[in-house]
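The numbers in UniProt numbering rise by one with no breaks, and the one at position 7 of the sequence shown is 7.
Using N, Cα and C, we set each Cβ at its ideal position, and we do this for glycine too.
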Amino acid sequence: MLSQLRDLDLQLLRLFVTVVESGGFSAAQGELGIGQSTISTQMAKLETRLGFRLCERGKAGFRLTPKGEQVLAATRKLFAAIETFKGEAQGMADKLLGELRIGLSEALSDEVLQRIGEAIGRFRQRNQAVQIELVSAMPAELERRLLQDQLQLAIGYFSGSQTALDYQPLFDERQRLYCGRQHPLFDRQTPSADDLQACDRVVHPYRFIAADEPWQGSSSARCEQVEGSLAFILSGAHLGYLPEHIALPWVERGGLRALPGKWDFTVQFRLASHRGHPASEAQKAFADDLLDAFGE
């Protein structure tokens, strides 16, 4: 009785179908390239494996038994399913599948979003069927989600201190020191370091980059989000650093002013991933598309 299907069984079944389609043992010799006695021996092996006769052969000619007819139909279905599987498996071998969860830092510029959009467009041109989810969060939260395997990739200004994460440079963002219209320094052409020393600043809790900020001052204001920092600065009671693209509309309306001098600095944004988690083919491809988009 055939309890398990082996490679040999598949070979015997293919021989069986060829014999039937050829009209008998003798006629199948040329198709199979083996002698009639060998064909007879192989058919006998198959019948032994199955536990019943498949055909009658002799002076009366070749004909299938009722069970042989059913085995023939089942065998043809089996081989059709195998061909379907082979085609689908080959398609999967060349196709990117799965899900991608990608974290984005807050308040990215239009140019940066355009580059990310270009990367998504490139990726969608690939042979893929990948579900992509974009998640916006603070840099510290993005790193936490990467470490907990809730994200595969993240774009942000990271500390670079997480040894479990891999960081690749993407672009630099310019930060400038701003004051609001109501601030005493708004109309001061070139405020000095002493002028700034008496001012209150906005502190960003995740400003690991604070050491790089040219101006350090006392603070009674604290906010994690850029929008909150902007509100403090607009109040006229605080100075603070903002990305240039965030402040630009307010500068054009006369509500903010960048303080001239040596107060500017840049923040490097990076593409982060977990170095301890094997990257999927989809993740590798999307990372390549991101790096290419920003490389241009």
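1) So for His274, helix, strand or coil by DSSP?
2) Using DSSP with H/G/I as helix, E/B as strand and the rest coil, what is Pro243?
3) From the DSSP output, in three-state form, read off Phe286 for me.
4) Buried or exposed for Ser136, going by 16 or more other Cβ atoms inside 10 Å?
5) Are there 16 or more other CB atoms within 10 angstroms of the CB of Phe85, so buried, or fewer, so exposed?
6) If you compare alpha carbons, which of Arg174, Met43, Glu281 is closest to Leu10?
7) Gln197 by DSSP, collapsed to three states: which one?
8) Chain D beta carbons: is any one of them nearer than 8 angstroms to that of Leu259?
9) Considering only residues of the same chain and omitting the five flanking positions on each side of Phe25, which have a CB-CB separation below 8 angstroms?
10) Among residues of its own chain, excluding the 5 on either side of Pro260, which ones have a beta-carbon nearer than 7 angstroms to its beta-carbon?
11) Please go through the same chain and pick out, in chain order, the residues whose beta-carbon is closer than 6 angstroms to the beta-carbon of Leu13, but skip the five residues on each side of it.
12) Could you compute how far the alpha carbon of Leu146 sits from the alpha carbon of Ser229?
13) Determine the contact status of Arg275 and Gln168, defining contact as a CB-CB distance below 8 angstroms.
14) Could you give the first and the last residue of the continuous beta strand (DSSP E) run that contains Gly61?
15) Please check the pair Glu141 and Ala272, which I expect to be a contact at CB under 8 angstroms, by giving their CB distance rounded to whole angstroms.
16) Are Tyr157 and Ser105 touching if we call contact CB-CB under 8 angstroms?
17) What are the residues that DSSP puts in a beta bridge with Leu8?
18) DSSP three-state label for Pro214, please.
Judging by the given coordinates:
1) Counting from one through the sequence shown, the residue named residue 274 turns up at place 274. His274: strand per DSSP, three-state reduction.
2) Counting from one through the sequence shown, the residue named residue 243 turns up at place 243. Reduced to three states, the DSSP call for Pro243 is strand.
3) Your numbering for residue 286 matches position 286 in the sequence shown. Residue state, collapsed to three classes: helix.
4) Residue numbering aside, residue 136 sits at position 136 when the sequence shown is read from its first letter. Classification of Ser136: exposed, given that the 10 Å Cβ count is below 16.
5) Taking the first residue of the sequence shown as 1, we reach residue 85 at position 85. Looking at its Cβ environment, which holds fewer than 16 other Cβ atoms inside 10 Å, Phe85 is exposed.
6) Position 10 of the sequence shown, counted from the first residue, corresponds to residue 10. Checked all of Arg174, Met43, Glu281; the closest Cα to Leu10 is Met43.
7) On the sequence shown, residue 197 is found 197 positions in, with the first residue counted as 1. Residue state, collapsed to three classes: helix.
8) Any reference to chain D falls outside this structure, which holds one protein chain only.
9) The count along the sequence shown starts at 1 and reaches residue 25 at position 25. Within the same chain, Phe25 has close Cβ partners Val19, Gln36, Ile39, Ser40, Met43, Arg57, Phe62.
10) The count along the sequence shown starts at 1 and reaches residue 260 at position 260. Excluding positions up to five away in sequence, the list reads Thr190.
11) As a working mapping, residue 13 is identified with position 13 in the sequence shown. Taken in chain order, the residues that qualify are Thr75.
12) Within the sequence shown, the letter at position 146 stands for residue 146. Within the sequence shown, the letter at position 229 stands for residue 229. The straight-line gap from Cα to Cα measures roughly 26 angstroms.
13) Taking the sequence shown and counting its residues from 1, the one referred to as residue 275 is at position 275. Taking the sequence shown and counting its residues from 1, the one referred to as residue 168 is at position 168. Not in contact: Arg275 and Gln168 (Cβ atoms no closer than 8 angstroms).
14) Looking up residue 61 in the sequence shown gives position 61. Careful: Gly61 lies outside any beta strand (DSSP E) and carries neither H nor E.
15) Position 141 of the sequence shown, counting from 1, holds the residue named residue 141. Position 272 of the sequence shown, counting from 1, holds the residue named residue 272. Contact flag wrong, Cβ pair sits at about 12 angstroms.
16) Translated into the one-based positions of the sequence shown, residue 157 becomes position 157. Translated into the one-based positions of the sequence shown, residue 105 becomes position 105. In this structure, Ser105 lies closer than 8 angstroms to Tyr157 by Cβ.
17) As a position in the sequence shown, residue 8 is number 8, starting the count at 1. According to DSSP, which records beta bridges pairwise, Leu8 is partnered with nothing at all.
18) In the sequence shown, residue 214 corresponds to position 214, counting from 1. DSSP places Pro214 in coil when its eight states are reduced to three.
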